[in-house]
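Written below as structure tokens is the structure these notes are about.
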Amino acid sequence: MNSSAKPLPDKDSLPCALTADSLAKPHIVQVVFDVPLDRAFDYQSAQPLAVGSRVLAQFGPRKLVGVVVGQRASSPHTLKPIGAVLDALPPLPADWLALGQFAARYYHHPLGQTLFTALPSALRNPPRRPLTAPPLYALTAAGAAWQPKAQAVRQLALLARLRQGPLGLDEARSLHASHPRLLRDWAQAGWVTQVAAEQAAMTVCPGPALNAEQAEVVAGLDWHGFSATLLDGITGSGKTEVYLQWIARVLAAGRQALVLVPEINLTPQLEARFRARFPHTPTVCLHSHLADGARAQAWLAAWQGRARLVIGTRLAVFTPLPELGLIVVDEEHDGSFKQQDGLRYHARDLAVWRAQQAGVPVVLGSATPSLESVAAVQAGRYRHARLTRRASAAALPAIHLLDIRRQLLDEGIAPAAWQALADGLAAGETSLVFINRRGWAPVLACVDCGWLSSCPHCAARLVLHWQDRRLQCHHCGHHEAIPHACPSCGNPDLKPLGQGTQRIEAALRRQFPQARIARIDRDTVSRRDAWADIDRQVHAGELDMLVGTQMLAKGHDFPSLSRVIVLNADGGLYSADFRAEERLFALLTQVAGRAGRGSLPGQVWVQTQFPDHPLYLALQAHDVPGFAQRLLEARANDGYPPAVFQALLRADAPQLDTAMAFLQQVQQHASQSAGLVLCLGPAPASMARLAGRERAQLLLQSARRAPLHALLSALCAELDAWAKPFGSSLRWSLDVDPQEV
Ligand code: ADP
Ligand code: ZN
Ligand code: ZN
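So for the sequence shown, the working numbering puts the first residue at 4; every next one is plus one.
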């Protein structure tokens with residue numbers, strides 16, 4: 004469907020080795036491939052092939068893996084034979100194919116590409132070696148009796164885990180990068196031994212006794228077939244605890260559970276929390292950092308029913324689960340559930356569809372539910388469960404708004420915030436400085452002529468990364484050396500404007516030389532292991548101050564954290580994106596929710612130039628439902644989702660004119676047949692230039708889904724043809740329910 008695809012030769016003109024007549028009774032199968040063409044191709048097979056079979060077949064000049072999606076009685080054409088059947092695995096299950104078919108239809112994406120997105124990459128190619136279940140390691144008698152030295156922290160941790168039951172290399176690696184090596188060493192020493200895949204044993208370690216609110220929510224889930232529930236619970240209200248109780252019930256009933264979490268939240272700590280509760284339940288974690296082989300293994304374990312609990316990021320929504328009993332989507336409002344390229348699916352929405360298909364409950368949990376889910380509750384489509392109190396004794400943090408309009412900031416930090424940091428240090432408590440910008444400063448400037456460091460390929464500023472001695476584009480990856488003088492006027496006095504995490508970290512170190520400080524952003528935490536170290540340090544009371552981006556905002560439970568300072572949040576208040584306020588509110592609520600989760604009362608200081616803005620007032624009052632209602636009403640008034648449904652057709656080309664002309668043409672066709680669909684644009688995208696390409700977009704929107712999708716189907720049938728005259732330099736893509744407009 005993508006216009007950059009090479010035209011393929013007509014299959015009828017390809018030479019074929021076998022003709023239909025040369026076989027007694029050929030079976031005709033329809034096969035889809037990982038190609039940008041929205042159709043299936045007919046092949047003949049000597050044996051009957053079930054739908055869902057993976058095959059190897061000649062496709063143009065290449066041999067490709069394909070998936071059988073249908074059968075046919077006869078064909079008017081002479082067909083090529085299937086090259087080989089990849090039968091090391093049974094055919095892909097029917098409900099998995101149905102999910103793929105739904106996603107292809109809903110997102111108007113070719114079925115072949117959709118199915119191949121949903122498959123782990125190791126299954127997209129012919130197998131190099133057979134996939135066998137990975138071994139598990141269990142303690143031997145000698146191992147059980149062995150006691151490492153008290154300071155051997157990692158060895159003790161691994162031993163503690165093994166005492167709960169056997170574990171595989173993947174889990175070992177997720178606990179710590181050094182664990183797989185330890186396991187092999189211990190196997191040589193005779194302390195552990197390989198065992199065959201264990202049977203699902205049902206041990207559930209006890210959790211805390213539920214409070215009354217939690218107990219009511221746990222008991223209230225509707226288990227009779229499909230139900231969708233929004234679990235709307237303030238930060239620290241014990242949502243995870245509630246999930247764990249439901250999951251225990253599902254596992255005890257011999258069913259599988261699927262838990263979807265945002266990219267950033269799937270930390271080893273979260274994994275460990277689930278494994279600690281269900282130590283003998285075969286659990287797999289699926290995320291994008293997993294190696295291909297490991298991902299395929301986890302996927303197969305789920306498909307074959309060996310894995311009973313699957314925890315994963317958005318891609319895990321496609322895991323085949325023959326005995327699915329419950330789906331949980333944690334932090335359901337999180338933007339990372341939406342894929343931003345290729346098949347632009349929303350894992351939360353597919354999860355709801357999937358639960359309906361399987362006839363099981365789905366729970367969407369959040370402290371700041373998406374407006375889509377709130378609207379679904381109001382429309383009666385989702386049930387509503389609420390947790391209004393923190394689970395531990397702690398109260399919600401007190402929120403102070405620091406009006407910075409008439410204050411002298413030092414390194415971007417107001418006097419009251421500096422004082423709070425000093426107080427925290429004196430009290431021996433941990434503080435967090437949140438600034439959602441990595442690097443040293445967002446831009447380098449010349450105060451004489453007004454020059455600003457800009458990316459040559461994007462409509463974006465180059466961010467100063469002082470420690471790396473370079474300017475860096477956070478959009479396309481371009482980087483260059485820091486100039487010694489202004490490239491425009493020669494002035495040697497260039498100034499970094501504004502603050503990033505690196506600069507704040509340096510300022511804190513200068514001000515509090517005795518403090519133990521860690522910075523957490525994408526530059527410092529690229530490996531999953533790095534999390535484990537920071538988490539351990541915070542829990543062990545080894546850190547006084549954390550400086551970080553939104554990586555720190557979510558999911559983490561640091562009992563010693565009592566003070567949070569929020570810098571530079573105002574940018575989200577007056578953005579062109581109508582979702583910016585919703586996102587900022589969710590982010591700040593999450594950040595604030597980090598404070599005071601243990602026994603210490605939490606305090607939050609938010610620096611702002613707009614202390615009277617309704618967003619900050621709602622934040623201060625912890626009024627999540629009130630703020631959501633205000634936004635919903637505004638969206639309804641202005642005609643934005645969830646009051647309407649949108650699709651965005653994006654186009655990019657070396658020249659803006661090309662992209663605009665293509666979209667103009669689409670717009671003309673669309674408005675002829677549109678009726679109930681509004682066509683807005685085309686217009687340059689909010690980021691008009693990215694990686695050297697000019698971007699434009701056409702927004703289609705309707706109060707009802709059906710006419711929008713009818714129009715999209717009609718347009719998709721023609722888009723390739725309309726794009727063709729513009730040549731291969733034009734690229735386009737369709738985004739249904741776009742999150743960024
Ligand atoms: P959420 O997912 O809503 O942010 P969690 O489930 O992580 O909340 O719970 C927050 C903290 O409260 C955790 O440390 C958790 O162990 C604890 N907790 C949850 N439920 C209870 C309970 N019923 N009694 C005591 N502590 C609880
Ligand atoms: Zn200059
Ligand atoms: Zn760039």
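For glycine and all other residues, C-beta sits at the position ideal for the given N, C-alpha and C.
The three-state reading of DSSP puts K727 in helix, counting H, G and I together. Taking A425 as reference, the option from S565, S456, L346, G544 with the minimal CA-CA separation is S565. Ranking P84, P51, A53 by CA distance to the CA of F44 puts P84 first. DSSP links Q700 through a beta bridge to R653, A686. Of the candidates P29, M690, G599, G695, the residue whose Cα lies closest to the Cα of A49 is P29. Comparing alpha-carbon positions, the option among A251, P51, L59, V71 lying closest to V35 turns out to be V71. Relative to ligand 3, the beta carbon of A463 is positioned inside 7 Å of a heavy atom. The bridge partners DSSP lists for W735 are A654. Taking the C-beta atoms as reference points, A694 is found nearer than 8 Å to C479. H179 and L162 have their alpha carbons spaced roughly 13 Å apart. At a cut-off of 7 Å, the beta-carbon of E244 counts as near ligand 1: some heavy atom of the ligand is closer than that. In the three-state DSSP reduction, D406 falls in the strand class (E or B). Not one heavy atom of ligand 1 falls within 7 Å of the beta-carbon of A275.
Remark: the shortest separation between the CB of R600 and any heavy atom of ligand 1 falls under 7 Å. For F44, the uninterrupted beta strand (DSSP E) run begins and ends at 44-48, by DSSP. Taking C-beta separations shorter than 7 Å and ignoring five residues to either side along the sequence, the partners of L702 in its chain run Q649, L651, L683, G684, V744, following chain order. Shortest gap from the CB of C479 to any heavy atom of ligand 3: under 7 Å. With a cutoff of 8 Å on beta-carbon distance, V221 and L213 are scored as near each other. G239 sits buried, since 16 or more C-beta atoms from the chains shown fall within 10 Å of its C-beta.
Within the segment 435-495, complete beta strand (DSSP E) segments of at least 3 residues are found at 446-449, 466-468, 473-475, 482-484, given in chain order. For H468, the Cβ stays outside the 7 Å cut-off from all heavy atoms of ligand 3.
Our two residues, L59 and Y46, have alpha carbons roughly 11 Å apart in a direct line. Here the segment 115-134 does not lie against the segment 143-163, with fewer than 3 beta-carbon pairs under 8 Å apart. Residue environment for C208: exposed (fewer than 16 other C-beta atoms within 10 angstroms of its C-beta). Ligand 2 has no heavy atom closer than 7 Å to the beta-carbon of S457. In this chain, the alpha helix (DSSP H) harbouring W306 covers 295-306. Sixteen is the threshold: when 16 or more other Cβ atoms of the shown chains lie within 10 Å of the Cβ of N571, as they do, the residue is buried. For D526, the closest C-alpha among the options Q553, R586, L324, A175 is that of Q553. Between P562 and G601, the beta carbon gap of about 3 Å places them in contact (Cβ cut-off 8 Å). With contact defined as three or more Cβ pairs closer than 8 Å, the segment 429-438 and the segment 461-481 are not in contact.
Taking one beta carbon from each stretch, the segment 299-307 and the segment 339-356 have fewer than 3 pairs nearer than 8 Å; the two do not touch. Distance check between A370 and each of P628, T286, W421, R75 places P628 closest, using alpha-carbon atoms only.
Every residue whose Cβ sits closer than 6 Å to any heavy atom of ligand 2 is listed here in chain order: C449, D451, C452, W454, C489, S491, C492, N494. Only residues of its own chain outside the window of five on either side were considered, and among them Q33 have a CB closer than 6 Å to the CB of G73, listed in chain order. DSSP places Q197 in the strand class (E or B) of the three-state scheme.
With at least 16 other beta carbons inside 10 angstroms of its own, A260 counts as buried.
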